[in-house]
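Here is the structure we will look at, set down as structure tokens.
Protein chains in written order, with this note's numbering: chain A, 1 to 608; chain B, 1001 to 1244; chain C, 2001 to 2249.
Below, the structure is given as structure tokens:
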């Protein structure tokens, strides 16, 4: 029998980004014993890449703001596909969670009155994003990290979980390995919180890091949970397009929030042409009004001017840029121009310091002197593991999920800034939910089935066996092929033919994944790690493609060229993906119905 | 296509070889791209830590031509064409494999620092000028390049006596926070060993976030330590004025 | 595609750096060396430091020396600015690197690794007295400003080349002295909430601006003080002339 380390915790949190850390802190605060597993070093999770800010209706800058407006904005941004209860909890609790971060030592930029400064962002009616220049995610993760290390929970760094273990229906543990030296580890746990982030590494051009390999989605799927609305994949409108090595790296929406202008190769400011009729009234009528809005924002003054068209929702802006490029009006490297250089250089460096350095160091572009070239990049998945809004529990008892790997909160399209608030609001609820679940279990002992451990070990040892064979495949080659399939057939614009082709190709690729092999030792062997990650990415990719094929309409981030209209009937159902034996099962399940008092918020808005 | 020649350290636990690889150069390429090229085309088992590839997470710390640097920020076009580029793991921490080292010591040190301690009845109104210094320190991405280059840790191996520049910065960020009420000066002097620093400024030179570690964090902390422990006249005068 | 060399440790030898890392500490060593030799020579020379009311910064203020005192009056003065510079945070970096090779440059192995204790024990623990030397340096600087005033106004308005050199020297010395890290701490750096004392904050910001270029001020003022003395010596020795610019003669 192979050797493995054993640890025991009441709650095991998998993933140490914003949601995972917040969950671990909360569960600890509830008095249960907590372990936190992270695939990287602590504090390196992808949350550090979040730039623009955290959305919370504090009303420090625009005093008309409150949670109801935030709720309505979120539901509108999500094209009604959001789980209403999650959107409500999120809008209500975000302000308190942000204040809590401040009490834990986060240092947000200030207003002249000495309060937390807030900036404008796409889809948010009011200036709502609390920020620290353009490195808000770093501030958040460092605050949670420094808070967490004094809470007494164990942190397992550079450790990846490959299998969730159950006793009957209930979660009873997890199995994994340390990346550092390949030794195996068994966690006995009464509850598990998944907070593993997204699926970006399945795409060629993405803002996501290597860690984003759909681990949580795949683990939950295997354990019997269902994944909802996986067709909704957000392409951030502004990623770097040049040089090739940095293609896809995020350019914060904060650039547009601070007044950045999008133009095409004909120097035309094109965004106004792409505003949907339904939202046109929220935006400025001409460049002069946009200019007044920006000037007021810089001076910190109130204005009756409406916001510039560049601040439309991400799905719109991404489609607009894609269309401009496709119709031949793109920039030299296949993007469009984003310009903030008309503003005072010192202010740009102060408000967008990391963008300034990112372009200066990596692309030799001085953003205070000239425009950036930007294009869409795969950024976020709105869909994910289905959870109960108030507890974040999945349909598997003892299994919880929070953050990007969970689904429902953002509907068909996520607003910028809503992900950081999502992490702290639902991270906390998941930690709370898991702790309460554990307390409810009492002293019931949960068993771990040895056969399951043996199977998990066998699965992890296999790539080395395969690596000895002549027809072994290089895992990196397979990933490249997966990226191509997803980007070509399951990209920004979709149609039945492409999706069907994509699904067929994914099916073939699955056979290749079985032949992925590696050589060398288990000591920090990235090729070996990739073999395991591929399995996860395949599950998520198939889920995305099948879900996309099943949704015969265009809604939010899901754009079908063969079904260009929105079908109101389809808002009543979630697309649900679950495991049925060895097959993937797709169902349309009824979406929770919003109570009347919340519906009224939307009616009121229209009479205004 | 032009080619770069990379000499990469390969091996486990301090023993190994420098292997030479030829990598085709693309425009705008960084050393991390070259390492990834080797991983994909020559040897998938080449170990390197990385995450964001945009100098925001501080994972890909290594030494390029002997200089501590983030691999994702080291542009290939900065080197002379045809010049060999040596890539080594960082020196100060125990070697694991290839370019990866065990930096867990840093996480242990961090736990020893008294956390942010606001007063229970604190008034949370404070202004931009109150936090500019702290915000500079909080830009730190924990790449630990400053820890690597600091000769106290690197050459003298005095991890027993000195927390290193990273944690001087962290302690400064807490000490200068307008609402923090804890006093860490004794700990800065005795546990963190600020006196071990001889302000030779290499930490500042290698910081990828351009934090003025020495001038803005360590020296002001040294001055505060002087207030408390080395300036009896000043302390006496202050006690008289405070006593009034 | 790859060639292998013999098994080795990832870090061997002094450094893997292949740039001219030795250049900066080398230049510093030579620059300081020249100044120290010149200043020592001048302190012993005990001559050519006065032109009428004008006095060299090395010898000002002109203190009476007791008869048993074997050295020139310069020794009664020079220890103060010398102590200020020797304990200065910039100079410490420069000479620890250039003379003590601790370390000579970043990523280059230190020289002699035994028993390093930084600035925790004697003699280097005395570096903590920097602020006292700052107070003394301010005193000496005040005298030098007085000397400029005397040089220019003692016999009516009399702007000569030497007096202008002395003025430039005082400006550079002031930029260096008041940009000192200890001063930055004293004027406000010790505070945590600047908004409570806006005046102190403005002062701290000003000192911070000076401090950002402390190295530049250090070198320029070191050169200027040496040059001022040198020029006065040459005029006093009759080698250079000291033309008067205002009033015209």
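The beta carbon of each residue, even a glycine, is placed where N, CA and C say it ideally should be.
Keep in mind the model is a prediction, meaning the values are calculated, not measured.
{"Asked": "8 Å Cβ cutoff, residue 2123 of chain C in contact with chain B", "Found": "no"}
{"Asked": "Continuous alpha helix (DSSP H) stretch holding residue 1081 of chain B: start and end", "Found": "No alpha helix (DSSP H) holds residue 1081 of chain B; DSSP gives it neither H nor E."}
{"Asked": "Complete runs of the alpha helix (DSSP H) confined to the stretch 446 to 480 of chain A [at least 4 residues]", "Found": "450 to 467"}
{"Asked": "CA-to-CA distance, residue 485 of chain A to residue 384 of chain A, given in whole angstroms", "Found": "21 Å"}
{"Asked": "Secondary structure, alpha helix (DSSP H): runs of 4+ residues fully inside the stretch 178 to 258 of chain A", "Found": "215 to 223, 254 to 257"}
{"Asked": "Test: residue 1040 of chain B CB closer than 8 Å to a CB of chain C", "Found": "no"}
{"Asked": "Chain-order list of residues whose beta-carbon lies under 7 Å from that of residue 2025 of chain C (same chain, five-residue window excluded)", "Found": "2097, 2098, 2104, 2105"}
{"Asked": "Proximity test, Cβ basis, 8 Å: residue 242 of chain A and chain B", "Found": "yes"}
{"Asked": "CB contact below 8 Å: residue 2169 of chain C versus chain B", "Found": "no"}
{"Asked": "Inter-stretch contact (C-beta, 8 Å, three-pair minimum) for the stretch 570 to 582 of chain A and the stretch 246 to 255 of chain A", "Found": "no"}
{"Asked": "Residue of C/2230, C/2199, C/2123, C/2219 minimising C-alpha distance to residue 1198 of chain B", "Found": "C/2123"}
{"Asked": "Min CB distance residue 1028 of chain B to chain A below 8 Å", "Found": "yes"}
{"Asked": "Validate contact between the stretch 2205 to 2212 of chain C and the stretch 2178 to 2194 of chain C using beta carbons, cut 8 Å, 3 pairs", "Found": "yes"}
{"Asked": "Inter-residue Cα distance where the pair is residue 2139 of chain C and residue 2149 of chain C", "Found": "16 Å"}
{"Asked": "Alpha-carbon to alpha-carbon, residue 2203 of chain C and residue 2188 of chain C", "Found": "8 Å"}
{"Asked": "The beta strand (DSSP E) enclosing residue 1009 of chain B, as first and last residue numbers", "Found": "1003 to 1012"}
{"Asked": "Nearest neighbour of residue 59 of chain A, chosen from A/52, A/51, A/50, A/69 [CA to CA]", "Found": "A/69"}
{"Asked": "Residue 2040 of chain C: first and last residue of the uninterrupted alpha helix (DSSP H) it sits in", "Found": "2023 to 2045"}
{"Asked": "Within-8 Å CB hit, residue 1134 of chain B to chain A", "Found": "yes"}
{"Asked": "Coil, strand or helix - residue 173 of chain A by DSSP", "Found": "strand"}
{"Asked": "Short CB-CB distance (under 8 Å) between residue 1202 of chain B and chain C", "Found": "yes"}
{"Asked": "C-beta neighbour in chain A for residue 1093 of chain B, strict 8 Å", "Found": "no"}
{"Asked": "Residue environment, residue 564 of chain A, which counts as buried when at least 16 other CB atoms sit within 10 Å", "Found": "exposed"}
{"Asked": "Residue range of the alpha helix (DSSP H) that includes residue 2208 of chain C", "Found": "2198 to 2212"}
{"Asked": "Under 8 Å from the C-beta of residue 1047 of chain B: neighbouring residues of chain A", "Found": "523, 524, 525, 526"}
{"Asked": "Assigned exposure category for residue 49 of chain A - 16 Cβ within 10 Å defines buried", "Found": "buried"}
{"Asked": "Assigned exposure category for residue 1100 of chain B - 16 Cβ within 10 Å defines buried", "Found": "buried"}
{"Asked": "Boundaries of the alpha helix (DSSP H) in which residue 1164 of chain B is found, first to last residue", "Found": "Neither: residue 1164 of chain B is in no alpha helix (DSSP H) and is coded neither H nor E."}
{"Asked": "Proximity test, Cβ basis, 8 Å: residue 1125 of chain B and chain A", "Found": "yes"}
{"Asked": "Beta carbon proximity, residue 2106 of chain C to chain B, threshold 8 Å", "Found": "yes"}
{"Asked": "Minimum Cβ-Cβ distance from residue 607 of chain A to chain B less than 8 Å", "Found": "With a pLDDT of 39 at residue 607 of chain A, under the threshold of 50, the modelled position of this residue cannot be trusted; read the value that follows with caution. Residue 607 of chain A does not count as touching chain B."}
{"Asked": "Collapsed DSSP secondary structure at residue 2120 of chain C in the structure displayed", "Found": "coil"}
{"Asked": "For residue 318 of chain A, the three-state DSSP class (helix, strand or coil)", "Found": "helix"}
{"Asked": "Interface residues of chain A facing residue 1063 of chain B [CB-CB closer than 8 Å]", "Found": "By Cβ distance, chain A contributes nothing, its closest Cβ being about 18 Å from residue 1063 of chain B, past 8 Å."}
{"Asked": "3 or more residues per run - each beta strand (DSSP E) lying fully within the stretch 399 to 446 of chain A", "Found": "399 to 401"}
{"Asked": "In chain order, each beta strand (DSSP E) run of at least 3 residues that lies wholly inside the stretch 1066 to 1132 of chain B", "Found": "1067 to 1070, 1084 to 1088, 1095 to 1097"}
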